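Chains as they are written, first to last, in our numbering: chain A, 6 to 308; chain B, 6 to 308. Even glycine gets a Cβ: it sits at the ideal position worked out from N, Cα and C. Just so you know, these numbers come straight off a predicted model, no measurement behind them. Following: one structure in structure tokens, then a few remarks.
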């Protein structure tokens, strides 16, 4: 089952011709989640061949421009493309106000329903559920309220074996009942053990997103054991003081969190424009957490 | 004296990788006016080597996303670049509300003063004056309130001759007085004729911008004899019905207006994304108004 991440924008602050601001598309079993949406996101979505209509959920971490200013234009383009499929957006309630205002001054209603999930004051363990995945939310420590996300596959841990289906030809209702824990008896009334019905597929994979944030161990319980962690690394370690002052992280901060949270892989991004290439940041992170990669616009990471 | 136009975005509706939405930079004697600011404008400004700090005035024609959604990001970037120079913006009062809201939710004030000129209900003959140019405003006919602009050079029609200055060494006050019409007498009390004081430079040039608009002769008095007219041409003439329905213009509409307004040159743009190249639109316009060019991102037009 597909589970991969495409980096749409890997920069910070202001979009540059070769490095747009924050945006990523997570493909979970061909359902797309757009995470953050900096200016120009729709341009890079086209450039990287992302099907706009597959995007069903947009998560916005916080209301600094480099994380959301591409959203109004994308919503406008969905409308121009005649979208009718409902769209979910999770973000700060002020984002909803802004979107409503922008449609109002443009003089039209979008052609598709928008379900807005307010996440600025979510309860602990707040979760959104979609057919193939769940989204958990956690607080980041930044200059303004910011939220991290953990997206986990659901429904993939157990699968009904082909042999079982060929032998007993269960109908859909029976299969659904089995999945929710019902027992199964053959025509002679013998209980068929679950080990003969189900095969264990790979355990559910998960992706965690932490941007923007200063170094904070508080996020570790929310991201532990993730298959992939994206953690911002705006600065190299020499600029630790600037990082703390601006409530951003260094490459060393990101790698330390990845190590302590026992994630399987780390992707760093949100690079300051002072780094023409992120080689130094990658090198510093790898010294602490070897399985690190540096994001670039268009990079696709299989999870 | 420099007077040229750089096309930043020549498309309509949604930005595409090779054709961004509406934005143009008019260079008047090295002072820059940004006209409209679609999403990604700042990316193309960098790509085309435009000095951000020279932009002193931004004119926004109307509040459809493809004409202004790059503005919040550009204003944010001015701040990140540490701009202190004041910025003038002319647009609908709702645009001011939007900008204020976006800075508020981002949690900071811009590092530079913004002077906002509300133009949604301007008086006839409303004009803004800057040291090298004036801006006149006129109404366009579109689905929502939209405004056209005419930017004209000032102060270039007459220049004091070098010979006069060398001979009489007038002080600054005397020069200013001469420019406002005072007479000049030499030490012997002889009146020096103005023809010996002034040389006639080229007459002031002007650029007129009309986008978005349906075909309307009402704009002709405001744009006549312009050295360059930019007029939207969203559709080819075969889509005249769509043009009227959506209150846009065809290439034939644009060329007809250019012809009747006796402008010297016409630039067409705001092309619908259905035209991969604007060859047909250019051909149709040229059949009516031969001195027409088709805009493309990065095109520079000397006026």
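Per DSSP, the continuous alpha helix (DSSP H) segment holding residue 105 of chain B begins and ends at 98-111.
With respect to chain B, the C-beta atom of residue 77 of chain A has a partner C-beta closer than 9 Å.
Per the C-alpha coordinates, the member of A:187, A:201, A:140, A:193 positioned closest to residue 168 of chain A is A:201.
With contacts defined by Cβ atoms closer than 9 Å, residue 276 of chain A and residue 248 of chain A do not form a contacting pair.
For residue 24 of chain B, the number of other beta carbons within 10 angstroms of its own is at least 16, and it is reported as buried.
Close to residue 56 of chain B, with beta-carbon spacing below 7 Å, lies no residue of chain A; the smallest spacing is near 15 Å. Straight-line measurement puts the Cα of residue 71 of chain A at about 20 Å from the Cα of residue 220 of chain A. Here residue 59 of chain B carries a helix assignment [DSSP, helix/strand/coil]. Using beta-carbon distances, residue 227 of chain B does not count as an interface residue toward chain A, since no partner is under 9 Å.
Here the C-alpha atom of residue 189 of chain A lies approximately 8 Å from the C-alpha atom of residue 198 of chain A. Between residue 99 of chain A and residue 110 of chain B the beta-carbon gap is near 5 Å, inside 8 Å, which marks them as a contact. Residues of the segment 29-56 of chain A that bring their beta carbon within less than 7 Å of a beta carbon in chain B comprise 44, 45, 47, 48, 51, 52, in sequence order. In the same chain as residue 210 of chain A, and ignoring 5 residues on each side of it, the C-beta atoms closer than 7 Å to its own belong to 8, 158, 232, 308, in chain order.
For residue 18 of chain B, the chain A residues whose Cβ falls inside 7 Å of its Cβ are 85, in order along the chain. Annotation for residue 234 of chain B: the continuous beta strand (DSSP E) segment containing it runs 233-237. A residue is called buried once 16 or more other Cβ atoms fall within 10 Å of its Cβ, and residue 218 of chain A is buried on that count. The residue among A:144, A:138, A:65, A:53 with its C-alpha nearest the C-alpha of residue 228 of chain A is A:144.
Shown here, residue 64 of chain B sits in a strand according to DSSP, grouped into three states. In terms of Cβ geometry, residue 45 of chain B and residue 68 of chain B do not form a close pair [threshold 9 Å]. Among the residues facing chain B, residue 22 of chain A is included, as its CB has a counterpart in that chain under 9 Å away. Between the segment 278-285 of chain A and the segment 17-36 of chain B there are fewer than three inter-stretch CB-CB distances shorter than 8 Å, so the stretches are not counted as touching. A straight line joining the alpha-carbon of residue 256 of chain B with that of residue 31 of chain B spans about 23 Å.
Its Cα nearest to that of residue 224 of chain B, the residue B:153 stands out among B:153, B:36, B:15, B:49.
The beta carbon of residue 148 of chain B sits closer than 9 Å to some beta carbon of chain A. The continuous alpha helix (DSSP H) containing residue 258 of chain A extends over residues 256-265. DSSP lists B:16 as the bridge partner or partners of residue 276 of chain B. In the three-state DSSP reduction, residue 74 of chain A falls in the coil class, being neither helix nor strand. In the same chain as residue 114 of chain A, and ignoring 5 residues on each side of it, the C-beta atoms closer than 7 Å to its own belong to 108, in chain order.
Among the residues facing chain B, residue 303 of chain A is not included, as its CB has no counterpart in that chain under 9 Å away. When Cβ-Cβ separations below 9 Å define contact, residue 179 of chain B makes no contact with chain A. By the neighbour-count criterion, in which a residue is buried when 16 or more other Cβ atoms sit within 10 angstroms of its Cβ, residue 246 of chain A is exposed.
Residues of the segment 100-131 of chain A with a C-beta less than 9 Å from any C-beta of chain B: 100, 102, 103, 106, 107, 109, 110, 111, 112, 113, listed in chain order.
Residue contact check for residue 276 of chain A against chain B: no CB pair falls below 9 Å.
Cα atoms of residue 125 of chain A and residue 131 of chain B: separation of roughly 44 Å, rounded to the nearest angstrom. Listed by position along chain A, the residues whose Cβ is nearer than 7 Å to that of residue 68 of chain B are 110, 111. In the structure shown, residue 307 of chain A falls within a strand segment according to DSSP collapsed to helix, strand and coil.
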